[in-house]
Structure formats: structure tokens, C-alpha cells
Amino acid sequence: MQIKNILKFAGRLIMLIVLLGLFMVGSCDNNFFKPEPKKLTRQVLYDLMLEWYLWYDTMPEVNINDYLTPQDLLEALRNSPTDRWSYIQDSDDYYDYIKAGMFIGHGIGMRWSNDGRLMVAYIYDDSDLYDAGVRRGWEVLQINNQTITSGTEIDTAILGAGEVDVQNVFTLKNPSGGTQTMTSIKKQIEIKPILYSDIITHPDTNQSDVKVGYFVLQNFVSAATDDLNDLFSDFKDAGIDELVIDLRYNPGGILEVARELGNLIAGETAIKGAFVNYVYNDKKSARNVTLRFDTSQYSIDPLRVFFITTKSTSFASEVLINAVLPYLDVFLIGDVTNGKPVGEIARQYDDYTIVPVTYATYNKENEGDFYDGLPADAFVTDDLDEDFGSTEEDCLKEVLYYIENGAFSGSTKSAVTNYPWIQRGWRATVGAL
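Heads up: the sequence shown begins at 517 in the numbering used here, then just goes up one per residue.
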């Protein structure tokens, strides 16, 4: 059954069916999408979970009056430890994110290096830290005079609330070894979906130069569709021979956008084939549907595609990879992915939006349930000291090694990247701080 994307943003008072809280499918009952006038009470939450939650049959018997807030009740009902994703979020934040690709923060993504340094992994260009010269590869030494050591959880206790005008003081070390202290003020940050792109010339197994299209996709927000079409138009005009998609920090996003990227990379091979099958709980099995690949004038029809992944590569990114596996030669370089094969419903109640896991996803071959993540073909540590696109950056270097030699260099064990804290819920959805 063909799915049409009928997502229409009519303000914050619409109801969405989403994957990662962001996607609506057209076969669903329109009544379900009408705004809810009532507040999100504990009883409303419990009834919604009992009807729609993918794992409703694992919910414990509880006295809802034992919990002070709907948030507390959600924690009690969650299918732990599997469900790391259901959450309740302020509606203003939620709808700013899905409508405009905006969030409140400093516009900086941070990751730990294997030697225990907190590093700037990426930064958006409308961050005031970007204006101050901060780039990928800078080390975070202190936040508000608190020394950052391996194991420090970077959360609201350190950075404060996710509100405009909250200030934090960062002490950072640049790649040259110089130390700088600067104040950053939280504001509305616009997500830039494609952080970097380039066409790299590199020898293949015949020692003939080939064109390698490479780009870093940070999120599947709405704006990514036009950006991806423009990029692949350039790739097609240039006649690229190989394709490398860097999803190492991509937490997911709108599944329709992921499908659009699938159209660009799978081409004629997959037209009208299944991209993803949605499977609801047994109460809602009539809603099980299939989203299919479609045509794109910018498709490059590669024979194979290389994905750079880490444990931060989640949901829509993983669904994309899983979707193209039956159609293309696919290689994963970096680390095992996050392991999120499920999606959510988002529903607004006054000031809050609840986003509980609602259905599972499967590819053409009915393959899914990758809760342990999608395994890498070559395990390589995220090289936080090298910039995106550098042929000396370890992950990209490994891809280029394969293109030249027809095999990976031999790194077959886990990258053992240091992840001292795990982002959950809303923070995992956004990715950056």
C-alpha cells in the first residue's frame, strides 16, 4: 500500500503520527490528528499508553495516584531497558523543532574521545561559539569553572535549563594548544542538516582516479530535502563514482526525508519497492502500512554505498540503512549504531506533547528488531582531532582504503568509543546542546 506524506503544519495544535516523533502517514484516521483540548493528566497518559504503546502488554499494574506527574508515571510504565525513547516535551520546543528545525541551545555537539577528552564534534554556524572561532576538534576543558573529566554528565545541572538567554562560560583548547574562555548565550539555533560535503578524487583498485561523493548529514529535518536534492544534483553533474554518507552524529528525524535520501541513492533499483513496513501493536494492526521508494530526478544509481556510523547514529538513519540493504551493496564503517528500530506517536495536550513508542519498522525482507544496533563492517574510532572531509580522518580514511584496495585494512574489533552518558528522549532527538 502506497503511503503519501500528508504532513501539514497548521501550527502547534495538530496531531502527528511520526517516526522519532516527526512523521505522519496518510492512511490513518484523520480524527486521530485533531488537537486535544484537554490537559495531559496522569489518567489521559495511562489510557493513551494502554491503547497505543507498542509494548502495552508489558505495562505494570500501577496506581496512577502514586505518581506526582505524568512524567513520573511515564517512567513507571516504560518498557525498560528496551524503551529509551518515549518522552514528554514542552510543546513549544517540540513544534519549533519539527516545523522549522530549531532548538534552544548553544548549537554545539560534543563527544568524548577514547583518551577521556570532551571534544567539539560539530557546531552550527549560527552559534555564538562558531562566531568566536570554535570548530570541530576543539577540546572542552571547563564549563562554568567546573573541570570536565571523563564520566561527567553534560546535562541541565551543568548547562542550565533549555531556555533563551541562559549563559554558560566555556574554557576550550584549540588544536594549536591555545586556551580560550568565552561566554555563550543559549538562543534559537537553526539546524544545518548537511554539515559538510565534498567530491574527493582517489585511486580505485585499478589505480585509476575516481570521484568520491562525501557528505555529513546531521539530521533528517524538513530542510534537508532541498539541501539533499541540490547536493545530489551536483553529484550527478560531476559524475561521481562512489558515495560516502557520514551519519555518525545523526539522531534521526523525519522518516519521509530519510525516504527521499533513499530515493536518491537506490535509484531505479528500488523504485516502488518497500522502503519500510510499519507494524503496530495487536490492537492497531489495521494501521500496518508500507512506505515505498519513489523516483527522483537527482538519483545517482550507485552500485554501492558506504555509511559512516557510531552509537549516535539512530532511528531514521538506521531505518535508511536497513531499507537499502536488500537493494545495494552496503558497508558500515565506524561503530555499531544506536539500535532504535521503533517509532512514536506525538500528541499535544495543552503545553505538553507526549511521544510514546508506537510501532516497529522492518525492511523489504522483514528484517528489523535491531535493538543492539546495526553492526559495522570495519570498526574505526571517531577521529575527533581531524575535520570532516580530511583524508587523514580515520573513518573516511578507512573508506578510501577500501575503494583503493577492495578490502578493509583489518580493523575488525569494536571501536570502544567512550560514551560515559547516554542521551535519552528529547535530548537524543536533537543531538546537540
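For each residue, glycine too, the CB sits at the ideal point set by N, CA and C. Fair warning: this is a prediction, and the values are worked out from it, not measured in the lab.
Practice item. Give the DSSP-derived three-state secondary structure of G947 in the structure shown. Key: The residue you call residue 947 lines up with position 431 of the sequence shown. Coil.
Review point. What residue from D563, D612, E655 has the CA that sits closest to L590's CA?
Key: Here residue 590 is taken as the residue at index 74 of the sequence shown, counted from 1. Of the candidates D563, D612, E655, the one whose C-alpha sits nearest the C-alpha of L590 is D563.
**Study point:** Proximity of I707 and Y640 at Cβ, strictly below 8 Å
**Key:** For the purposes of this step, residue 707 is taken as the residue at position 191 of the sequence shown. For the purposes of this step, residue 640 is taken as the residue at position 124 of the sequence shown. Closer than 8 Å, so yes.
Check your understanding: Which ranges does the alpha helix (DSSP H) cover as unbroken runs of at least 4 residues, wholly within the region 836–900, from first to last along the chain?
Key -> Unbroken alpha helix (DSSP H) runs of no fewer than 4 residues, entirely contained in the region 836–900, are not found.
Practice item. Put R558 into one of helix, strand or coil per three-state DSSP. Key: Residue 558 sits at position 42 when you count from the first residue of the sequence shown. Collapsing the DSSP output to three states places R558 in a helix.
Point to revise | Nearest candidate by alpha-carbon position, reference R600, set E860, K615, T741 | key: One-based indexing of the sequence shown puts residue 600 at position 84. If we check each option's Cα against that of R600, E860 comes out closest.
Review point. Secondary structure at S801, three-state DSSP: helix, strand or coil?
Key: Residue 801 sits at position 285 when you count from the first residue of the sequence shown. Correct three-state label for S801: helix.
Review point. From this set, G667, A648, K615, R651, which residue's C-alpha is nearest R633's C-alpha?
Key: Within the sequence shown, residue 633 is the residue found at index 117, counting from 1. Across the set G667, A648, K615, R651, the C-alpha of G667 shows the shortest separation from the C-alpha of R633.
Exercise for review: State the Cα-Cα distance for the pair K550 and T897, rounded to the nearest angstrom.
Suggested key: For the purposes of this step, residue 550 is taken as the residue at position 34 of the sequence shown. For the purposes of this step, residue 897 is taken as the residue at position 381 of the sequence shown. Reliability fails at K550, whose pLDDT of 39 lies under 50, so the model's placement of it is uncertain and the value that follows must be treated cautiously. Going by the C-alpha atoms only, they are around 46 Å apart.
Exercise for review: Assign V773 to one of three DSSP states: helix, strand, or coil.
Suggested key: Position 257 of the sequence shown, counting from 1, holds the residue named residue 773. V773 falls in the helix class under three-state DSSP.
Practice item. Compute the Euclidean distance between the alpha carbons of D582 and D762, then round it to the nearest angstrom. Key: Along the sequence shown, read from residue 1 onward, the residue named residue 582 stands at position 66. Along the sequence shown, read from residue 1 onward, the residue named residue 762 stands at position 246. Taking the Cα positions, D582 is about 46 Å away from D762.
Exercise for review: Would you mind working out which of V650, T663, R808 sits nearest G694, comparing C-alpha positions?
Suggested key: Against the sequence shown, residue 694 aligns to sequence position 178. Nearest option by C-alpha distance: V650.
Exercise for review: Just the C-alpha distance for M531 and Y611, rounded to the nearest angstrom, thanks.
Suggested key: Counted from its first residue, the sequence shown places residue 531 at position 15. Counted from its first residue, the sequence shown places residue 611 at position 95. Note that M531 has pLDDT 34, beneath the 50 cutoff, so the model's placement of it is unreliable and the number below is only indicative. Their backbone Cα atoms lie some 11 Å apart in a straight line.
**Study point:** Through-space distance from F748 to R808, alpha-carbon basis
**Key:** Sequence index remark: in the sequence shown, residue 808 carries index 292 (1-based). Sequence index remark: in the sequence shown, residue 748 carries index 232 (1-based). Roughly 20 Å separates the two Cα atoms.
Exercise for review: Tell me where the beta strand (DSSP E) around F751 begins and ends.
Suggested key: On the sequence shown, residue 751 is found 235 positions in, with the first residue counted as 1. F751 -> not in any beta strand (DSSP E); alpha helix (DSSP H) instead, spanning 740–754.
Exercise for review: Please report the residue range of the beta strand (DSSP E) in which D612 lies.
Suggested key: By 1-based counting over the sequence shown, the position of residue 612 is 96. D612 -> not in any beta strand (DSSP E); alpha helix (DSSP H) instead, spanning 607–616.
**Study point:** Beta-carbon proximity list for K524, same chain, < 6 Å, skipping 5 on both sides
**Key:** The residue labelled residue 524 in the question sits at position 8 within the sequence shown. Because K524 sits at a pLDDT of 33, beneath the cut-off of 50, its placement in the model cannot be relied upon, and the point is left open.
Review point. Under the three-state reduction of DSSP, which class applies to I707: helix, strand or coil?
Key: Against the sequence shown, residue 707 aligns to sequence position 191. Residue state, collapsed to three classes: coil.
Practice item. Please name the residue in M698, D798, T869 whose C-alpha comes closest to that of S602. Key: Taking the sequence shown and counting its residues from 1, the one referred to as residue 602 is at position 86. The candidate whose alpha carbon is nearest that of S602 is T869.
Practice item. List the whole-angstrom C-beta distance separating S700 from L645, where the pair is believed to meet the contact cut-off of C-beta under 8 Å. Key: Your numbering for residue 700 matches position 184 in the sequence shown. Your numbering for residue 645 matches position 129 in the sequence shown. With 8 Å as the limit, S700 and L645 qualify as a contact, their Cβ atoms being about 5 Å apart.
Exercise for review: Excluding the 5 residues preceding and the 5 following L536 in the sequence, name in chain order all residues of the same chain whose CB lies nearer than 7 Å to its CB.
Suggested key: Residue numbering aside, residue 536 sits at position 20 when the sequence shown is read from its first letter. Unreliable placement is indicated for L536, whose pLDDT of 37 sits below 50; no coordinate value is reported for it.
Check your understanding: Do N804 and Y796 have their CB atoms nearer than 8 Å?
Key -> Taking the first residue of the sequence shown as position 1, residue 804 is located at position 288. Taking the first residue of the sequence shown as position 1, residue 796 is located at position 280. Judged by beta-carbon spacing, Y796 lies within the 8 Å limit of N804, meaning their Cβ atoms are closer than that value.
Review point. Where does the unbroken beta strand (DSSP E) through N684 begin, and where does it stop?
Key: As a working note, residue 684 is residue 168 in the sequence shown. Looking at the DSSP string, the run of the beta strand (DSSP E) that includes N684 is 683–689.
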